[in-house]
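Working notes, structure below.
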(Lines of atoms letter the chains of each structure in order from A and count residues from 1; the text may use other names and numbers.)
(Lines give C-alpha, C1' and ligand atoms only; values in the text may rest on other atoms or scores of the structure.)
Protein backbone atom coordinates (compact mmCIF):
# COMPACT_ATOMS: atom_id res chain seq x y z
CA UNK A 1 0.00 0.00 0.00
CA UNK A 2 1.02 3.62 -0.37
CA UNK A 3 3.02 5.19 2.45
CA UNK A 4 5.15 8.32 2.71
CA UNK A 5 8.36 7.76 0.75
CA UNK A 6 10.51 8.01 3.90
CA UNK A 7 8.75 4.95 5.32
CA UNK A 8 8.96 3.07 2.02
CA UNK A 9 12.72 3.61 1.93
CA UNK A 10 13.15 1.93 5.33
CA UNK A 11 11.13 -1.07 4.11
CA UNK A 12 13.24 -1.21 0.96
CA UNK A 13 16.44 -1.24 3.01
CA UNK A 14 15.08 -4.03 5.22
CA UNK A 15 14.31 -6.10 2.12
CA UNK A 16 17.97 -5.72 1.14
CA UNK A 17 19.32 -7.04 4.42
CA UNK A 18 19.69 -3.83 6.45
CA UNK A 19 18.97 -4.49 10.12
CA UNK A 20 20.69 -1.50 11.76
CA UNK A 21 20.71 2.20 10.87
CA UNK A 22 22.91 4.75 12.63
CA UNK A 23 21.92 8.39 12.76
CA UNK A 24 20.29 11.39 14.38
CA UNK A 25 16.74 12.52 13.58
CA UNK A 26 15.77 16.12 12.92
CA UNK A 27 12.78 18.00 11.62
CA UNK A 28 14.16 17.78 8.08
CA UNK A 29 14.56 14.00 8.01
CA UNK A 30 11.91 12.84 10.47
CA UNK A 31 9.92 11.23 7.65
CA UNK A 32 12.79 8.77 7.19
CA UNK A 33 12.11 7.62 10.75
CA UNK A 34 8.41 6.93 10.19
CA UNK A 35 9.08 3.44 8.82
CA UNK A 36 12.13 2.25 10.77
CA UNK A 37 10.38 0.35 13.57
CA UNK A 38 7.60 -0.88 11.30
CA UNK A 39 10.23 -2.33 8.97
CA UNK A 40 11.92 -4.11 11.88
CA UNK A 41 15.16 -2.14 11.75
CA UNK A 42 17.12 -1.16 14.86
CA UNK A 43 18.16 2.48 15.02
CA UNK A 44 21.28 3.48 16.98
CA UNK A 45 21.18 7.10 18.11
CA UNK A 46 24.61 8.71 17.83
CA UNK A 47 25.65 11.86 19.69
CA UNK A 48 27.07 13.51 16.56
CA UNK A 49 26.74 12.72 12.87
CA UNK A 50 30.47 12.10 12.72
CA UNK A 51 29.96 9.37 15.28
CA UNK A 52 27.04 7.95 13.28
CA UNK A 53 29.23 7.76 10.18
CA UNK A 54 32.09 6.03 11.95
CA UNK A 55 29.61 3.60 13.54
CA UNK A 56 28.27 2.74 10.09
CA UNK A 57 31.87 2.30 8.91
CA UNK A 58 32.73 -0.01 11.81
CA UNK A 59 29.52 -1.98 11.34
CA UNK A 60 30.32 -2.49 7.64
CA UNK A 61 33.89 -3.62 8.32
CA UNK A 62 32.79 -6.04 11.04
CA UNK A 63 29.71 -7.48 9.34
CA UNK A 64 30.67 -7.45 5.67
CA UNK A 65 27.35 -5.72 4.97
CA UNK A 66 26.85 -2.07 3.99
CA UNK A 67 26.68 0.36 6.90
CA UNK A 68 23.71 2.74 6.65
CA UNK A 69 23.34 6.20 8.19
CA UNK A 70 20.46 8.71 8.25
CA UNK A 71 21.31 12.42 8.59
CA UNK A 72 19.62 15.77 8.15
CA UNK A 73 20.28 18.54 5.65
CA UNK A 74 23.15 21.00 5.97
CA UNK A 75 25.18 20.47 9.15
CA UNK A 76 24.12 16.84 9.47
CA UNK A 77 25.49 16.04 6.05
CA UNK A 78 28.62 18.15 6.64
CA UNK A 79 29.30 16.40 9.93
CA UNK A 80 29.24 12.94 8.34
CA UNK A 81 31.51 13.93 5.46
CA UNK A 82 34.66 13.07 7.44
CA UNK A 83 33.53 9.45 7.96
CA UNK A 84 32.52 9.34 4.31
CA UNK A 85 36.02 10.40 3.33
CA UNK A 86 37.50 7.74 5.61
CA UNK A 87 35.23 5.07 4.12
CA UNK A 88 36.21 6.15 0.61
CA UNK A 89 39.90 5.96 1.46
CA UNK A 90 39.59 2.51 3.04
CA UNK A 91 37.10 0.96 0.58
CA UNK A 92 34.14 0.59 2.96
CA UNK A 93 30.54 0.02 1.86
CA UNK A 94 28.56 2.86 3.44
CA UNK A 95 25.24 4.31 2.35
CA UNK A 96 24.40 7.78 3.65
CA UNK A 97 20.79 8.89 3.18
CA UNK A 98 19.96 12.51 3.86
CA UNK A 99 17.15 14.91 3.32
CA UNK A 100 17.67 18.06 1.29
CA UNK A 101 15.78 21.30 0.73
CA UNK A 102 13.17 21.34 -2.02
CA UNK A 103 14.43 24.55 -3.59
CA UNK A 104 17.70 26.41 -3.06
CA UNK A 105 18.13 28.64 -6.13
CA UNK A 106 15.04 30.83 -5.76
CA UNK A 107 14.82 30.79 -1.95
CA UNK A 108 17.51 31.91 0.46
CA UNK A 109 17.83 31.94 4.22
CA UNK A 110 16.23 28.55 4.83
CA UNK A 111 17.10 26.34 7.79
CA UNK A 112 20.22 24.23 7.11
CA UNK A 113 20.65 25.72 3.63
CA UNK A 114 23.83 24.95 1.67
CA UNK A 115 24.95 26.25 -1.69
CA UNK A 116 25.46 22.75 -3.11
CA UNK A 117 24.81 19.91 -0.68
CA UNK A 118 24.94 17.22 -3.36
CA UNK A 119 28.25 18.54 -4.68
CA UNK A 120 29.77 18.85 -1.24
CA UNK A 121 29.10 15.20 -0.47
CA UNK A 122 30.44 14.16 -3.88
CA UNK A 123 33.95 15.29 -2.86
CA UNK A 124 34.28 12.47 -0.28
CA UNK A 125 32.31 9.56 -1.72
CA UNK A 126 31.91 7.48 -4.86
CA UNK A 127 28.83 9.38 -6.00
CA UNK A 128 26.22 11.74 -4.60
CA UNK A 129 22.81 12.17 -6.24
CA UNK A 130 19.44 13.74 -5.55
CA UNK A 131 16.31 11.60 -5.94
CA UNK A 132 13.53 13.92 -7.13
CA UNK A 133 10.98 11.09 -7.38
CA UNK A 134 10.20 7.90 -5.49
CA UNK A 135 11.30 5.82 -8.45
CA UNK A 136 14.60 7.69 -8.57
CA UNK A 137 15.16 7.01 -4.87
CA UNK A 138 14.45 3.31 -5.36
CA UNK A 139 16.69 3.15 -8.41
CA UNK A 140 19.61 4.84 -6.68
CA UNK A 141 19.35 2.60 -3.63
CA UNK A 142 19.24 -0.46 -5.90
CA UNK A 143 22.28 0.83 -7.76
CA UNK A 144 24.20 1.40 -4.53
CA UNK A 145 23.62 -2.14 -3.28
CA UNK A 146 24.47 -3.61 -6.69
CA UNK A 147 27.76 -1.73 -6.76
CA UNK A 148 28.58 -2.74 -3.19
CA UNK A 149 28.45 -6.34 -4.45
CA UNK A 150 30.21 -6.02 -7.79
CA UNK A 151 32.68 -3.13 -7.55
CA UNK A 152 35.31 -1.84 -5.21
CA UNK A 153 33.40 -0.85 -2.06
CA UNK A 154 32.97 2.90 -1.72
CA UNK A 155 30.51 5.10 0.21
CA UNK A 156 27.48 6.51 -1.63
CA UNK A 157 25.20 9.45 -0.79
CA UNK A 158 21.55 9.79 -1.75
CA UNK A 159 19.54 12.86 -0.79
CA UNK A 160 15.78 13.22 -1.07
CA UNK A 161 13.87 16.54 -0.96
CA UNK A 162 11.79 16.96 2.19
CA UNK A 163 8.49 17.28 0.32
CA UNK A 164 9.27 14.09 -1.57
CA UNK A 165 9.95 12.21 1.68
CA UNK A 166 6.58 13.35 2.98
CA UNK A 167 4.61 12.46 -0.17
CA UNK A 168 2.83 9.11 -0.49
CA UNK A 169 4.57 6.61 -2.75
CA UNK A 170 4.03 3.09 -4.01
CA UNK A 171 6.17 0.41 -2.35
CA UNK A 172 9.69 -0.15 -3.63
CA UNK A 173 10.18 -3.04 -6.05
CA UNK A 174 11.42 -6.36 -4.77
CA UNK A 175 15.23 -6.75 -4.77
CA UNK A 176 16.81 -7.58 -8.10
CA UNK A 177 18.84 -10.71 -8.64
CA UNK A 178 22.45 -9.71 -7.96
CA UNK A 179 24.74 -9.61 -10.97
CA UNK A 180 26.79 -12.72 -11.56
CA UNK A 181 30.52 -12.05 -11.36
CA UNK A 182 32.69 -14.03 -13.72
CA UNK A 183 35.42 -15.98 -11.95
CA UNK A 184 38.93 -16.44 -13.24
CA UNK A 185 39.94 -19.69 -14.91
CA UNK A 186 43.48 -20.99 -15.18
CA UNK A 187 44.08 -19.55 -18.69
CA UNK A 188 43.44 -16.06 -17.31
CA UNK A 189 46.62 -16.27 -15.24
CA UNK A 190 48.82 -18.05 -17.73
CA UNK A 191 51.25 -15.14 -17.97
CA UNK A 192 51.67 -15.13 -14.18
CA UNK A 193 52.20 -18.90 -14.09
CA UNK A 194 54.94 -18.60 -16.72
CA UNK A 195 56.82 -16.15 -14.50
CA UNK A 196 56.23 -18.28 -11.39
CA UNK A 197 57.63 -21.35 -13.15
CA UNK A 198 61.04 -19.74 -13.55
CA UNK A 199 61.12 -17.70 -10.34
CA UNK A 200 63.13 -18.93 -7.38
CA UNK A 201 62.36 -16.07 -4.99
CA UNK A 202 58.74 -15.04 -5.64
CA UNK A 203 57.38 -12.45 -3.22
CA UNK A 204 53.67 -11.74 -2.70
CA UNK A 205 52.41 -8.43 -1.30
CA UNK A 206 48.91 -8.80 0.13
CA UNK A 207 46.74 -5.74 0.69
CA UNK A 208 43.37 -5.21 2.27
CA UNK A 209 41.69 -6.13 -1.00
CA UNK A 210 43.33 -9.58 -1.19
CA UNK A 211 40.18 -11.24 0.12
CA UNK A 212 40.71 -15.00 0.17
CA UNK A 213 41.26 -17.75 2.73
CA UNK A 214 43.57 -19.58 0.31
CA UNK A 215 46.71 -17.47 0.57
CA UNK A 216 48.54 -19.59 3.10
CA UNK A 217 47.98 -22.71 1.02
CA UNK A 218 48.95 -20.93 -2.21
CA UNK A 219 52.14 -19.50 -0.73
CA UNK A 220 53.06 -22.87 0.78
CA UNK A 221 52.57 -24.64 -2.55
CA UNK A 222 54.72 -22.08 -4.34
CA UNK A 223 57.28 -21.57 -1.59
CA UNK A 224 56.78 -17.81 -1.80
CA UNK A 225 57.61 -15.19 0.80
CA UNK A 226 55.10 -12.47 1.60
CA UNK A 227 54.69 -8.97 2.93
CA UNK A 228 51.39 -7.39 3.90
CA UNK A 229 50.08 -3.88 4.11
CA UNK A 230 48.62 -2.89 7.47
CA UNK A 231 45.13 -3.57 6.09
CA UNK A 232 46.28 -6.97 4.80
CA UNK A 233 47.49 -8.28 8.14
CA UNK A 234 46.34 -11.80 8.96
CA UNK A 235 45.83 -12.85 5.34
CA UNK A 236 48.14 -15.85 5.81
CA UNK A 237 47.40 -16.36 9.51
CA UNK A 238 50.07 -16.55 12.18
CA UNK A 239 53.31 -18.49 12.04
CA UNK A 240 53.96 -18.80 8.30
CA UNK A 241 57.74 -19.15 8.16
CA UNK A 242 58.26 -16.95 5.08
CA UNK A 243 55.99 -14.12 6.24
CA UNK A 244 57.80 -10.79 6.62
CA UNK A 245 54.71 -9.42 8.32
CA UNK A 246 53.37 -5.89 8.06
CA UNK A 247 56.81 -4.49 7.36
CA UNK A 248 56.07 -2.93 3.99
CA UNK A 249 56.55 0.58 5.39
CA UNK A 250 59.93 -0.31 6.89
CA UNK A 251 62.73 1.25 4.79
CA UNK A 252 64.46 -2.13 4.73
CA UNK A 253 61.52 -3.71 2.92
CA UNK A 254 62.81 -2.11 -0.29
CA UNK A 255 65.92 -4.31 -0.02
CA UNK A 256 63.80 -7.43 0.55
CA UNK A 257 61.65 -6.56 -2.46
CA UNK A 258 64.73 -5.88 -4.58
CA UNK A 259 66.04 -9.37 -3.74
CA UNK A 260 62.91 -11.06 -5.15
CA UNK A 261 62.94 -12.32 -8.74
CA UNK A 262 59.16 -11.86 -9.06
CA UNK A 263 56.81 -9.58 -7.12
CA UNK A 264 53.05 -10.15 -7.12
CA UNK A 265 50.92 -7.44 -5.47
CA UNK A 266 47.25 -8.23 -4.86
CA UNK A 267 44.52 -5.90 -3.62
CA UNK A 268 46.77 -3.01 -2.67
CA UNK A 269 47.20 0.50 -4.01
CA UNK A 270 50.86 0.52 -2.93
CA UNK A 271 49.98 4.01 -1.82
CA UNK A 272 51.96 6.50 0.24
CA UNK A 273 50.34 5.23 3.43
CA UNK A 274 51.39 1.68 2.52
CA UNK A 275 55.02 2.39 1.60
CA UNK A 276 55.97 5.82 2.97
CA UNK A 277 58.30 6.09 -0.01
CA UNK A 278 57.82 6.79 -3.70
CA UNK A 279 59.02 3.48 -5.13
CA UNK A 280 58.27 -0.09 -4.21
CA UNK A 281 61.91 -1.07 -4.70
CA UNK A 282 61.49 -4.00 -7.09
CA UNK A 283 64.05 -4.83 -9.75
CA UNK A 284 62.24 -7.92 -11.09
CA UNK A 285 58.91 -8.18 -12.88
CA UNK A 286 55.92 -6.84 -10.96
CA UNK A 287 52.44 -8.32 -11.31
CA UNK A 288 49.47 -6.23 -10.15
CA UNK A 289 46.07 -7.81 -9.44
CA UNK A 290 43.18 -5.55 -8.49
CA UNK A 291 39.47 -5.09 -9.07
CA UNK A 292 39.95 -1.33 -9.54
CA UNK A 293 41.47 -0.34 -12.91
CA UNK A 294 42.69 2.98 -11.49
CA UNK A 295 45.00 1.04 -9.16
CA UNK A 296 46.53 -0.77 -12.11
CA UNK A 297 47.39 2.52 -13.83
CA UNK A 298 50.04 3.43 -11.27
CA UNK A 299 53.69 4.51 -11.48
CA UNK A 300 55.15 1.26 -10.11
CA UNK A 301 55.88 -0.13 -13.61
CA UNK A 302 53.94 -3.39 -13.43
CA UNK A 303 54.84 -5.84 -16.20
CA UNK A 304 51.49 -7.65 -15.93
CA UNK A 305 48.22 -6.08 -14.83
CA UNK A 306 45.17 -8.22 -14.13
CA UNK A 307 41.82 -6.65 -13.38
CA UNK A 308 40.08 -9.34 -11.36
CA UNK A 309 38.96 -10.03 -7.83
CA UNK A 310 41.50 -11.51 -5.45
CA UNK A 311 39.40 -14.57 -4.61
CA UNK A 312 39.29 -15.63 -8.27
CA UNK A 313 43.03 -15.08 -8.64
CA UNK A 314 43.85 -17.01 -5.47
CA UNK A 315 41.63 -19.92 -6.47
CA UNK A 316 43.13 -20.10 -9.95
CA UNK A 317 46.65 -20.07 -8.46
CA UNK A 318 45.72 -22.71 -5.91
CA UNK A 319 44.42 -25.05 -8.60
CA UNK A 320 47.32 -24.43 -10.97
CA UNK A 321 50.09 -24.92 -8.38
CA UNK A 322 48.62 -27.79 -6.35
CA UNK A 323 51.25 -30.19 -7.67
CA UNK A 324 54.08 -27.63 -7.79
CA UNK A 325 57.43 -28.08 -6.10
CA UNK A 326 57.99 -25.25 -3.61
CA UNK A 327 60.78 -22.82 -4.41
CA UNK A 328 63.97 -22.90 -2.37
CA UNK A 329 65.24 -19.36 -2.79
CA UNK A 330 63.87 -18.06 0.51
CA UNK A 331 64.83 -19.29 3.98
CA UNK A 332 62.96 -19.03 7.26
CA UNK A 333 66.21 -17.88 8.88
CA UNK A 334 66.62 -14.79 6.69
CA UNK A 335 62.97 -13.85 7.17
CA UNK A 336 63.24 -14.25 10.94
CA UNK A 337 66.46 -12.21 11.08
CA UNK A 338 64.87 -9.38 9.11
CA UNK A 339 61.76 -9.35 11.28
CA UNK A 340 63.93 -9.25 14.39
CA UNK A 341 65.81 -6.25 13.02
CA UNK A 342 62.59 -4.43 12.12
CA UNK A 343 61.21 -5.17 15.59
CA UNK A 344 64.26 -3.50 17.13
CA UNK A 345 63.89 -0.48 14.81
CA UNK A 346 60.26 -0.07 15.83
CA UNK A 347 61.16 -0.16 19.52
CA UNK A 348 63.93 2.39 19.00
CA UNK A 349 61.62 4.80 17.15
CA UNK A 350 58.85 4.76 19.78
CA UNK A 351 60.35 3.26 22.95
CA UNK A 352 58.34 1.45 25.60
CA UNK A 353 55.21 0.61 23.64
CA UNK A 354 56.04 -2.90 22.41
CA UNK A 355 56.03 -4.57 25.87
CA UNK A 356 52.60 -3.05 26.61
CA UNK A 357 51.29 -4.12 23.20
CA UNK A 358 52.61 -7.65 23.71
CA UNK A 359 50.93 -7.92 27.10
CA UNK A 360 47.68 -6.53 25.70
CA UNK A 361 47.72 -9.02 22.83
CA UNK A 362 48.22 -11.92 25.24
CA UNK A 363 45.20 -10.80 27.28
CA UNK A 364 42.80 -10.81 24.33
CA UNK A 365 41.13 -13.77 22.60
CA UNK A 366 42.66 -14.37 19.18
CA UNK A 367 39.31 -13.62 17.52
CA UNK A 368 39.07 -10.14 19.05
CA UNK A 369 38.24 -7.49 16.48
CA UNK A 370 40.19 -4.30 17.18
CA UNK A 371 39.40 -0.74 16.12
CA UNK A 372 42.33 1.62 16.56
CA UNK A 373 42.89 5.35 16.23
CA UNK A 374 45.64 7.66 15.07
CA UNK A 375 47.89 7.15 18.07
CA UNK A 376 51.50 6.05 18.55
CA UNK A 377 50.36 2.95 20.39
CA UNK A 378 48.50 1.77 17.29
CA UNK A 379 51.34 2.72 14.95
CA UNK A 380 53.66 0.42 16.86
CA UNK A 381 51.15 -2.37 17.44
CA UNK A 382 50.22 -2.59 13.76
CA UNK A 383 53.82 -3.53 13.00
CA UNK A 384 54.46 -6.08 15.75
CA UNK A 385 51.05 -7.52 16.67
CA UNK A 386 50.68 -10.73 14.65
CA UNK A 387 47.14 -11.39 13.49
CA UNK A 388 45.67 -14.89 13.31
CA UNK A 389 42.93 -13.95 10.83
CA UNK A 390 42.31 -11.11 8.38
CA UNK A 391 39.98 -8.14 8.80
CA UNK A 392 40.20 -8.18 12.59
CA UNK A 393 42.16 -4.95 12.99
CA UNK A 394 40.53 -1.82 11.58
CA UNK A 395 42.28 1.53 11.44
CA UNK A 396 41.69 4.88 9.65
CA UNK A 397 44.51 4.04 7.25
CA UNK A 398 44.26 6.52 4.39
CA UNK A 399 42.24 9.56 5.45
CA UNK A 400 43.77 9.30 8.91
CA UNK A 401 40.97 10.78 11.02
CA UNK A 402 41.32 11.28 14.75
CA UNK A 403 38.41 10.00 16.83
CA UNK A 404 37.62 7.06 14.53
CA UNK A 405 38.16 4.19 16.93
CA UNK A 406 35.47 4.65 19.59
CA UNK A 407 32.39 5.06 17.35
CA UNK A 408 33.73 2.57 14.80
CA UNK A 409 34.28 0.09 17.63
CA UNK A 410 30.70 0.65 18.75
CA UNK A 411 29.48 -0.10 15.23
CA UNK A 412 31.68 -3.19 15.13
CA UNK A 413 30.41 -4.39 18.51
CA UNK A 414 26.80 -3.93 17.36
CA UNK A 415 27.60 -6.16 14.39
CA UNK A 416 29.42 -8.73 16.56
CA UNK A 417 27.14 -9.22 19.55
CA UNK A 418 28.56 -12.05 21.65
CA UNK A 419 32.02 -11.81 20.07
CA UNK A 420 35.00 -9.88 21.49
CA UNK A 421 35.55 -6.36 20.18
CA UNK A 422 38.04 -3.79 21.53
CA UNK A 423 39.06 -0.17 20.98
CA UNK A 424 42.58 1.29 21.11
CA UNK A 425 42.67 5.09 21.17
CA UNK A 426 44.92 7.95 22.23
CA UNK A 427 44.05 10.74 24.64
CA UNK A 428 43.71 13.39 21.94
CA UNK A 429 41.71 11.18 19.62
CA UNK A 430 39.26 10.39 22.40
CA UNK A 431 38.47 14.10 22.74
CA UNK A 432 37.08 14.05 19.20
CA UNK A 433 34.27 11.54 19.74
CA UNK A 434 34.13 10.99 23.52
CA UNK A 435 30.34 11.65 23.73
CA UNK A 436 29.74 8.43 21.78
CA UNK A 437 30.73 6.58 24.96
CA UNK A 438 27.14 7.24 26.03
CA UNK A 439 25.93 5.13 23.09
CA UNK A 440 28.04 2.16 24.19
CA UNK A 441 26.59 2.51 27.69
CA UNK A 442 23.01 2.66 26.39
CA UNK A 443 23.57 -0.45 24.30
CA UNK A 444 25.28 -2.34 27.14
CA UNK A 445 28.27 -3.24 24.97
CA UNK A 446 31.06 -5.15 26.76
CA UNK A 447 33.68 -3.05 25.00
CA UNK A 448 37.22 -2.61 26.39
CA UNK A 449 38.42 0.89 25.46
CA UNK A 450 42.21 0.97 25.82
CA UNK A 451 43.17 4.61 26.30
CA UNK A 452 46.85 5.43 25.77
CA UNK A 453 47.47 8.78 27.46
CA UNK A 454 50.92 10.23 26.86
CA UNK A 455 49.57 13.70 27.66
CA UNK A 456 50.20 15.23 24.26
CA UNK A 457 50.13 14.91 20.50
CA UNK A 458 53.45 13.11 20.77
CA UNK A 459 53.67 11.99 17.14
CA UNK A 460 53.35 15.64 16.09
CA UNK A 461 55.80 16.78 18.76
CA UNK A 462 58.35 14.24 17.50
CA UNK A 463 57.78 15.32 13.90
CA UNK A 464 58.28 18.99 14.80
CA UNK A 465 61.46 18.13 16.65
CA UNK A 466 62.83 16.20 13.66
CA UNK A 467 62.02 19.20 11.45
CA UNK A 468 63.82 21.53 13.90
CA UNK A 469 60.59 23.30 14.79
CA UNK A 470 60.08 24.21 18.43
CA UNK A 471 57.11 22.02 19.45
CA UNK A 472 54.02 24.18 19.68
CA UNK A 473 50.32 23.48 20.31
CA UNK A 474 50.88 19.79 21.05
CA UNK A 475 49.68 19.70 24.67
CA UNK A 476 46.08 20.08 25.81
CA UNK A 477 44.71 19.80 29.33
CA UNK A 478 43.18 16.36 29.80
CA UNK A 479 40.32 15.57 32.16
CA UNK A 480 40.24 12.71 34.63
CA UNK A 481 39.25 10.19 31.98
CA UNK A 482 38.23 7.50 34.47
CA UNK A 483 35.83 9.81 36.31
CA UNK A 484 34.51 11.06 32.99
CA UNK A 485 33.82 7.50 31.85
CA UNK A 486 32.03 6.76 35.11
CA UNK A 487 29.92 9.91 34.68
CA UNK A 488 28.66 8.40 31.41
CA UNK A 489 27.80 5.20 33.28
CA UNK A 490 30.77 3.21 31.98
CA UNK A 491 33.23 1.18 34.02
CA UNK A 492 36.83 2.30 34.37
CA UNK A 493 40.19 0.94 35.43
CA UNK A 494 43.62 2.48 35.83
CA UNK A 495 45.99 -0.49 36.14
CA UNK A 496 49.36 0.07 37.78
CA UNK A 497 51.23 -2.68 35.95
CA UNK A 498 50.86 -5.03 33.00
CA UNK A 499 49.33 -7.86 35.03
CA UNK A 500 46.60 -5.52 36.32
CA UNK A 501 46.05 -4.32 32.77
CA UNK A 502 45.56 -7.84 31.50
CA UNK A 503 43.08 -8.62 34.25
CA UNK A 504 41.14 -5.42 33.53
CA UNK A 505 40.95 -6.21 29.82
CA UNK A 506 39.74 -9.75 30.40
CA UNK A 507 37.08 -8.55 32.84
CA UNK A 508 35.93 -5.90 30.35
CA UNK A 509 34.97 -8.54 27.78
CA UNK A 510 32.31 -9.92 30.15
CA UNK A 511 31.14 -6.65 31.74
CA UNK A 512 27.61 -5.29 31.41
CA UNK A 513 28.84 -2.24 29.51
CA UNK A 514 31.97 -0.55 28.20
CA UNK A 515 35.13 -0.25 30.30
CA UNK A 516 37.67 2.53 29.83
CA UNK A 517 41.12 1.14 30.68
CA UNK A 518 43.45 4.04 31.31
CA UNK A 519 47.14 3.50 30.44
CA UNK A 520 50.11 5.82 30.53
CA UNK A 521 53.76 5.18 29.58
CA UNK A 522 54.42 4.89 33.34
CA UNK A 523 52.77 1.46 33.37
CA UNK A 524 56.20 0.02 32.65
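Numbering (this note's numbering), first residue to last: 336 to 859. Note that CB positions come from ideal geometry on N, CA and C, so glycine has one too.
So, is residue 578 buried or exposed, given that buried needs 16 or more other C-beta atoms within 10 angstroms? Around the beta carbon of residue 578, a 10 Å sphere encloses 16 or more other beta carbons of the protein chains shown; the residue is thus reported as buried.
Option in 812, 350, 784 with minimal Cα separation from residue 790: Distance from the Cα of residue 790 is smallest, within the candidate group 812, 350, 784, for 812.
Whole-angstrom distance between residue 708 and residue 768, CA atom to CA atom: Cα to Cα, residue 768 sits roughly 11 Å from residue 708.
Does DSSP put residue 423 in a helix, in a strand, or in coil? In this structure, residue 423 counts as helix in the three-state DSSP scheme.
Opening and closing residue of the beta strand (DSSP E) in which residue 356 lies: In the DSSP assignment, residue 356 falls within the beta strand (DSSP E) that extends over 355 to 358.
By the DSSP assignment, the alpha helix (DSSP H) with residue 454 in it spans what residues? Counting along the chain, the alpha helix (DSSP H) containing residue 454 begins and ends at 452 to 457.
Pull the bridge partners of residue 706 from the DSSP assignment, please. Its beta-bridge partners are 729, 758.
Residue(s) in a DSSP beta bridge with residue 492: Answer is 431, 463, bridged to residue 492.
Cβ neighbour criterion (16 or more within 10 Å) applied to residue 418: Buried is the call here.
Bounding residues of the alpha helix (DSSP H) (the contiguous stretch that carries residue 624): Going by DSSP, residue 624 is part of no alpha helix (DSSP H) but of the beta strand (DSSP E) stretching over 621 to 625.
Please classify residue 414: is it buried, with 16 or more other beta-carbons within 10 angstroms of its beta-carbon, or exposed? Buried: at least 16 other Cβ atoms inside 10 Å.
Can you tell me the Cα-Cα spacing of residue 804 and residue 820, whole angstroms? Taken atom to atom, the span from the alpha-carbon of residue 804 to that of residue 820 is near 35 Å.
Given residue 486 as reference, the closest of 759, 645, 681, 793 once Cα atoms are compared: The candidate whose alpha carbon is nearest that of residue 486 is 645.
Assess, as a yes-or-no matter, whether the region 471 to 486 is touched by the region 346 to 353 under the definition of 3 or more beta carbon pairs within less than 8 Å. In short, these stretches touch, since the Cβ pair count reaches three.
Neighbour-count burial assignment, residue 421, 16 or more Cβ in a 10 Å radius: Buried is the call here.
Quick check on this structure: which residue in 610, 636, 604, 613 has the alpha carbon closest to the alpha carbon of residue 626? Answer by Cα proximity: 604.
How far does the alpha helix (DSSP H) with residue 717 in it reach, from first residue to last? That run of the alpha helix (DSSP H) goes 711 to 719.
Taking residue 493 as the reference, give the member of 462, 775, 559 with the closest Cα. That would be 462, whose Cα lies nearest to the Cα of residue 493.
With contact counted as at least three CB pairs below 8 Å, one residue from each stretch, are the region 406 to 413 and the region 426 to 441 in contact? Contact between the region 406 to 413 and the region 426 to 441 is present, because at least three Cβ pairs lie under 8 Å.
When you compare the region 628 to 637 with the region 526 to 540, are there three or more beta-carbon pairs, one atom per stretch, that lie closer than 8 Å? No, the region 628 to 637 is not in contact with the region 526 to 540.
Nearest CA to the CA of residue 788: which residue from 642, 669, 816? Measuring from the Cα of residue 788, the nearest candidate turns out to be 816.
Just list the alpha helix (DSSP H) runs in the region 522 to 567, keeping only unbroken ones of 4 residues or longer that don't cross its boundaries, in chain order. Qualifying alpha helix (DSSP H) stretches, in chain order: 525 to 533, 550 to 557.
Mapping the DSSP letters down to three states, classify residue 850 as helix, strand or coil. Under the three-state reduction of DSSP, residue 850 is assigned to strand.
Mind reading off the beta-carbon distance from residue 761 to residue 712? Whole number of angstroms is fine, and I expect it under 8 Å. Residue 761 to residue 712, Cβ: 7 Å. Contact.
At what residue ranges does the region 622 to 683 contain a whole run of the beta strand (DSSP E), taking only runs of 3 or more? The region 622 to 683 is shown to contain whole beta strand (DSSP E) runs of 3 or more residues at 639 to 642, in chain order.
Nearest to residue 465 (by Cα), restricted to the options 444, 435, 621, 490: The shortest C-alpha separation from residue 465 is found at 435.
Other residues of its chain near residue 739: CB distance less than 7 Å, five sequence neighbours each side excluded: 389, 421, 708, 731.
Are there 16 or more other CB atoms within 10 angstroms of the CB of residue 511, so buried, or fewer, so exposed? It counts as exposed.
What are the boundary residues of the beta strand (DSSP E) that includes residue 584? Segment: none, residue 584 is in no beta strand (DSSP E) and carries neither H nor E.
Count the C-beta pairs between the region 658 to 669 and the region 694 to 708 that are closer than 8 Å, then say yes if the count reaches three, no if not. Taking 8 Å as the limit for Cβ pairs, the verdict is that the region 694 to 708 does not touch the region 658 to 669.
Starting from residue 788, follow its DSSP beta bridges and name the residues at the other end. Beta-bridge analysis with DSSP links residue 788 to no other residue.
Which residues bound the alpha helix (DSSP H) around residue 840? 833 to 843 is the span of the alpha helix (DSSP H), which, as asked, contains residue 840.
From the DSSP output, which residues share a beta bridge with residue 723? Residue 723 pairs with nothing; no bridge assigned.
Start and end of the beta strand (DSSP E) containing residue 406? From DSSP, the beta strand (DSSP E) with residue 406 extends over 402 to 406.
Can you tell which of 595, 624, 585 has the C-alpha that lies nearest to the C-alpha of residue 613? Closest option to residue 613, Cα to Cα, is 585.
Hey, how far is the Cα of residue 615 from the Cα of residue 592? The straight-line gap separating the alpha-carbon atoms of residue 615 and residue 592 is approximately 8 Å.
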